[in-house]
Amino acid sequence: MILLSFALLTSSLQVWAADLPQSIDKPITDPGGIIKKQQAQQLTKLFTAGPQVYKLVAVKNTNPQTLEEYAKSVSDTFKIDPNTMVMILSVDDKTMAIISGSYFAKNGITRDVINRKIDLFFNPYAKEDAFTTGVSTFVKEINNEIKTYQQKKASGQIVSNTAQTEAAPAQSTAAASNGQWPLWFIIGFAILLIAIVVVVWAYFRRSLLLKEVDEVDTWRGKLLDELNAFDVGTEWKKESTKVRERYLDILTSLDDLKKDAIADVELILVDAEETIGKFRFRRGREIIQEAKARLQRIEDSYFQLGRRANKLTETLKDIETLKGEVGQQRQKIERRLDELRIQFNASFHSMKDRLNQFIKEEQEIKESQENGNFEETKTKLQKLHEEQKSLFEAVQKVSLLRQTIEKDLDQEIRQLDEDYREMLQEGYTDGEEFFAGKLVKIRGEADKLPKLFEDGKVAETEQVIVKVREEIESVYQAMEEIVTSRHQYQRFLQELPYQLSVLREDKSYLMSELADLAERYQVEDGEAFHYSQQIPEVIAEIEHALEQVALTEEAERYKRNRETLAQAAERANSMIERREVVLNELKEFRAGELAARESLTKLRSDVARVEQQLKRLHLPGIPESVLNSSRISRQALATVEHGLEEIPLNMQKVEHFLKEATEQVIQLLENATNTIRFSNEAEEMIQRTNRFRRYDKEIANLLSQAEQAFRRGEYEEAYQLARKASDIAAERFE
Numbered sequence: 005m006i007l008l009s010f011a012l013l014t015s016s017l018q019v020w021a022a023d024l025p026q027s028i029d030k031p032i033t034d035p036g037g038i039i040k041k042q043q044a045q046q047l048t049k050l051f052t053a054g055p056q057v058y059k060l061v062a063v064k065n066t067n068p069q070t071l072e073e074y075a076k077s078v079s080d081t082f083k084i085d086p087n088t089m090v091m092i093l094s095v096d097d098k099t100m101a102i103i104s105g106s107y108f109a110k111n112g113i114t115r116d117v118i119n120r121k122i123d124l125f126f127n128p129y130a131k132e133d134a135f136t137t138g139v140s141t142f143v144k145e146i147n148n149e150i151k152t153y154q155q156k157k158a159s160g161q162i163v164s165n166t167a168q169t170e171a172a173p174a175q176s177t178a179a180a181s182n183g184q185w186p187l188w189f190i191i192g193f194a195i196l197l198i199a200i201v202v203v204v205w206a207y208f209r210r211s212l213l214l215k216e217v218d219e220v221d222t223w224r225g226k227l228l229d230e231l232n233a234f235d236v237g238t239e240w241k242k243e244s245t246k247v248r249e250r251y252l253d254i255l256t257s258l259d260d261l262k263k264d265a266i267a268d269v270e271l272i273l274v275d276a277e278e279t280i281g282k283f284r285f286r287r288g289r290e291i292i293q294e295a296k297a298r299l300q301r302i303e304d305s306y307f308q309l310g311r312r313a314n315k316l317t318e319t320l321k322d323i324e325t326l327k328g329e330v331g332q333q334r335q336k337i338e339r340r341l342d343e344l345r346i347q348f349n350a351s352f353h354s355m356k357d358r359l360n361q362f363i364k365e366e367q368e369i370k371e372s373q374e375n376g377n378f379e380e381t382k383t384k385l386q387k388l389h390e391e392q393k394s395l396f397e398a399v400q401k402v403s404l405l406r407q408t409i410e411k412d413l414d415q416e417i418r419q420l421d422e423d424y425r426e427m428l429q430e431g432y433t434d435g436e437e438f439f440a441g442k443l444v445k446i447r448g449e450a451d452k453l454p455k456l457f458e459d460g461k462v463a464e465t466e467q468v469i470v471k472v473r474e475e476i477e478s479v480y481q482a483m484e485e486i487v488t489s490r491h492q493y494q495r496f497l498q499e500l501p502y503q504l505s506v507l508r509e510d511k512s513y514l515m516s517e518l519a520d521l522a523e524r525y526q527v528e529d530g531e532a533f534h535y536s537q538q539i540p541e542v543i544a545e546i547e548h549a550l551e552q553v554a555l556t557e558e559a560e561r562y563k564r565n566r567e568t569l570a571q572a573a574e575r576a577n578s579m580i581e582r583r584e585v586v587l588n589e590l591k592e593f594r595a596g597e598l599a600a601r602e603s604l605t606k607l608r609s610d611v612a613r614v615e616q617q618l619k620r621l622h623l624p625g626i627p628e629s630v631l632n633s634s635r636i637s638r639q640a641l642a643t644v645e646h647g648l649e650e651i652p653l654n655m656q657k658v659e660h661f662l663k664e665a666t667e668q669v670i671q672l673l674e675n676a677t678n679t680i681r682f683s684n685e686a687e688e689m690i691q692r693t694n695r696f697r698r699y700d701k702e703i704a705n706l707l708s709q710a711e712q713a714f715r716r717g718e719y720e721e722a723y724q725l726a727r728k729a730s731d732i733a734a735e736r737f738e
């Protein structure tokens, strides 16, 4: 039906299409004889008068096509030259369509211009049926527009075509009115398209849903195969009643999934296919989703059953393994405990009680397994196994504990007692009562260990041993602190006199230094001033501490003066640490002055060196410029020195004087360098050219002038004259 409708529509368009002329080569194509012969001759003459070519196609009407469609057909059928404009005249419609080449667009004849010319110069005549007059007037106006455009372009008023003109196609059409397709044709074609789209969409949607049904059915088949392949083995049939009950429960749940759930899904999919076949897509989609949800629940239940079966199997295996390990571990503990009781002749009744408790727990675990509480049984077995491992480790430590108690720890306590007595003998009697009490406490704790060992309380024994050793370590630390403190005391007695002398020297030095800084630099604050103010207080504190030590009897010096001496030493060390900062600060205060004095010394050395170098040359005279530079440089250096001696010292002023003096010395060095260079070169060049003197009067004259200038001390002029004589000699004699 769709193909037939399309064929009828195509054939009707071909039948309704208007006839086109055989050719448009002539200026006027008028198959109906609409234009009179005389009028045709006038138009032909007008059409061929200029560089642009005009052609007229006159028809009665263009039915069933619109004038625009007819013009489009003419443009597609015949080749239109770039400089040609084809005018299609419809007499019945009293309108005209234009097909123009690219020549017209390049010369300002755009679509808007054509439409405006038709409205102003063709339509008024067409309404009165004066078609030839309207055409000739339109052509003349187009020629005038082209001529005006070309004149403007030649005068520069038009630089280039507009973007719209450049984008225009090689051939364009314009018409006085726009045509449309017939309304009945547009409506019929739209209905046909809608029907085609609906039918195609329905069958496409149906195929997609049926494909989805097939996918769901494939899923159902795979899931059914997995359910049928599920196997838990046959070993469970030989187990106890509770084990068989757990496996039977799993298998029963599996059968329920096979019988009920899978069959229900199959019926749902059949219902979905029937619904989709009736083009009830929404309902079919809902049924498919229901089948998917049912299959997902079945799959989840299947996985849960698999996990239950695997977990049950693993739990039963773990129970059997743990039972064997627990039994073996208990036997090892029993054997080792019997050996230890015989070896050390001790009861170890605490360990024996724990072993009996393990046997009791094994019986409770067995009852839990018989009741079907397999997870609880596994957990209790794991806990029992860990406790047995702990007890076995404790049993293994018994021999080591016995050695620690009877040998190692006793030796450590005796060594502590010896070290303590040695410290007392060396005169370290501070805290004697404290140490005696500590030793009594340590021995008391150590006396508890044999009883704990015989009872088999390994953990408690280890705790007591750790505690005793911590107490021993604390005693050693206290002893070390006493010895260290006494050593510090002795060091303070040795260092404080030296530090006292340093601070006294600083006090004397800073008094004069800070007074000078306050006078010359107007400085009355800073670390150095604070340090100077604190020195007398610290000196007095150190002197007082040393006097107290000297006045105290030897036996009581450490006890009575330890704190006082430590405080004085701390203050002294703090001052000594600040001393470096103070000295650096003093250097910074005088840094500018010191740098200026160094620069002044260097500049004086440069001036003396230059003057000495000029004297050693024994020149007939020193140029006045060099003498003036030397005198000005020495005056500038004296000004700098005077500025450095001023009170208060103005470093900004000194730096200014130093800058001027540096510039003067540099000028002196340049002048002296030029003098030495010109004198040496002039003397050398006179000697080298002197052999040509007797051969050339000009050379002799120049050399005489150079010698006179040299004697006057004008060395640059002497060099220039000698250089000129040398150049002449080189030109004439070499």
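So for the sequence shown, the working numbering puts the first residue at 5; every next one is plus one.
The beta-carbon is built from N, C-alpha and C at its ideal position, and this holds for glycine as well.
Being a predicted model, the structure only gives us computed values, none of them experimental.
Handout entry: Delimiting residues of the alpha helix (DSSP H) encompassing residue 57
Key = Looking at the DSSP string, residue 57 is not in any alpha helix (DSSP H); the run it does join, the beta strand (DSSP E), is 57-63.
Problem - residue 363 burial status per 10 Å Cβ neighbour count (16 or more: buried) - result: It counts as exposed.
Handout entry: Bounding residues of the beta strand (DSSP E) (the contiguous stretch that carries residue 93)
Key = Going by DSSP, residue 93 is part of the beta strand (DSSP E) stretching over 88-94.
Exercise for the section: Going by DSSP, name the residue or residues bridged to residue 48. Expected result: Residue pairing by DSSP leaves residue 48 without any beta bridge partner.
Problem - Cα-Cα separation between residue 4 and residue 52, rounded to whole angstroms - result: Residue 4 is absent from the structure shown; the chain starts at 5 and stops at 738.
Exercise for the section: Kindly indicate the opening and closing residues of the alpha helix (DSSP H) around residue 74. Expected result: Its alpha helix (DSSP H) spans residues 71-81.
Problem - Range covered by the alpha helix (DSSP H) that runs through residue 314 - result: Boundaries of the alpha helix (DSSP H) harbouring residue 314: 285-348, taken from the DSSP string.
Exercise for the section: Using a threshold of 8 Å, state whether the C-beta atoms of residue 94 and residue 66 are closer than that. Expected result: Yes, the Cβ-Cβ distance between residue 94 and residue 66 is below 8 Å.
Exercise for the section: Quick one: using the 10 Å Cβ neighbour count with 16 as the cut-off for buried, is residue 450 buried or exposed? Expected result: With 16 or more other CB atoms across the displayed protein chains lying within 10 angstroms of its CB, residue 450 is buried.
Practice task
Identify every residue that forms a DSSP beta bridge with residue 32.
Solution key: Its beta-bridge partners are 60.
Handout entry: Sequence-distant residues of the same chain with beta carbon closer than 7 Å to residue 401, five excluded per side
Key = Closer than 7 Å at the Cβ level, and outside the excluded window around residue 401, lie 462.
Handout entry: Same chain, Cβ closer than 7 Å to residue 182, neighbours up to 5 away in sequence not counted
Key = Only weak support is given to the placement of residue 182: the predicted model assigns it a pLDDT of 39, under 50, and the value that follows is read from those uncertain coordinates. Its chain contains 72 as the residues whose beta carbon lies nearer than 7 Å to that of residue 182, once the 5 sequence neighbours on both sides are disregarded; these appear in chain order.
Handout entry: residue 298 versus residue 393: straight-line alpha-carbon distance, rounded
Key = Cα to Cα, residue 298 sits roughly 51 Å from residue 393.
Handout entry: First and last residue of the uninterrupted alpha helix (DSSP H) at residue 419
Key = Run containing residue 419: 413-429, per the alpha helix (DSSP H) assignment.
Practice task
Please determine if the segment 409-428 and the segment 372-379 are in contact, where contact requires at least 3 C-beta pairs separated by less than 8 Å.
Solution key: Counting Cβ pairs under 8 Å, fewer than three are found: no touch.
Handout entry: residue 453 (DSSP reduced to helix, strand or coil)
Key = Helix.
Handout entry: Selection from 144, 272, 305 and 295 that minimises the alpha carbon distance to residue 259
Key = Across the set 144, 272, 305 and 295, the C-alpha of 305 shows the shortest separation from the C-alpha of residue 259.
Problem - Euclidean distance between Cα positions of residue 592 and residue 514 - result: Take the alpha-carbon of residue 592 and the one of residue 514: they are about 15 Å apart.
Handout entry: Own chain residues within Cβ distance below 6 Å of residue 288, not counting five before or after
Key = The beta carbon of residue 288 is closer than 6 Å to those of 213, 276, 279 and 280 in its chain, skipping five residues each way along the sequence.
Practice task
Note down, in chain order, each residue of its chain lying with its Cβ closer than 6 Å to the Cβ of residue 729, except the 5 sequence neighbours on either side.
Solution key: Contacts found: 693, 703, 706 and 707.
Exercise for the section: Return the chain-ordered list of same chain residues with a C-beta closer than 6 Å to the C-beta of residue 166, the five sequence neighbours on each side being excluded. Expected result: Note that residue 166 scores a pLDDT of 41, beneath 50, so its modelled location is shaky; the value from the coordinates is reported in the next line. Taken in chain order, the list of residues that qualify is empty.
Practice task
Please say whether residue 272 and residue 294 have beta carbons closer to each other than 8 Å?
Solution key: Contact check for residue 294 against residue 272 passes: the beta carbons are separated by less than 8 Å.
Exercise for the section: Indicate whether residue 438 and residue 424 have their beta-carbon atoms separated by less than 8 Å. Expected result: Taking 8 Å as the Cβ cut-off, residue 438 and residue 424 do not qualify as a contacting pair.
Problem - Nearest candidate by alpha-carbon position, reference residue 296, set 208, 117 and 223 - result: When each option's Cα is compared against that of residue 296, the closest is 223.
Problem - Touching by the beta-carbon criterion (3+ pairs, under 8 Å), the segment 709-723 and the segment 662-677 - result: Because the criterion of three Cβ pairs below 8 Å is not met, the segment 709-723 and the segment 662-677 do not touch.
Practice task
Output the residue ranges of the alpha helix (DSSP H) runs that lie fully inside the segment 665-704 and measure 4 residues or longer, sorted by chain position.
Solution key: As far as the segment 665-704 is concerned, it has no whole alpha helix (DSSP H) run of at least 4 residues.
Exercise for the section: Kindly indicate which residue of 234, 458, 650 and 40 has the alpha-carbon position closest to the one of residue 355. Expected result: Ranked by how close their Cα comes to the Cα of residue 355, the residues 234, 458, 650 and 40 have 458 in first place.
Practice task
State the start and end residues of the unbroken alpha helix (DSSP H) segment that holds residue 389.
Solution key: Under the DSSP assignment, residue 389 falls in the alpha helix (DSSP H) whose first and last residues are 378-400.
Handout entry: Contact check, residue 547 vs residue 504, beta carbons under 8 Å
Key = Against a cut-off of 8 Å, the Cβ pair of residue 504 and residue 547 comes out as a contact.
Handout entry: Separation of residue 108 from residue 85, as counted between CA atoms
Key = Looking at the two C-alpha atoms, the distance is approximately 11 Å.
Handout entry: Expected contact under 8 Å - CB spacing of residue 366 and residue 399 to nearest Å
Key = That pair is no contact at about 18 Å.
Problem - Residues near residue 617 in its chain [Cβ-Cβ closer than 8 Å; skip 5 each side] - result: Excluding residues within five positions, the ones whose Cβ falls inside 8 Å are 676 and 680.
Problem - Residue closest to residue 446, alpha-carbon to alpha-carbon, out of 455, 470 and 456 - result: Of the candidates 455, 470 and 456, the one whose C-alpha sits nearest the C-alpha of residue 446 is 470.
Problem - Close Cβ partners of residue 709 (< 7 Å) along its chain, the five nearest in sequence each way excluded - result: Hits under 7 Å: 725.
Handout entry: Supposed close pair residue 347, residue 389 - CB separation, criterion 8 Å
Key = Not really, about 27 Å apart at Cβ, beyond 8 Å.
Handout entry: Stretch-stretch touch, CB-based, cutoff 8 Å, three pairs: the segment 621-640 with the segment 568-582
Key = Below 8 Å, too few C-beta pairs join the segment 621-640 and the segment 568-582 to call them touching: fewer than three.
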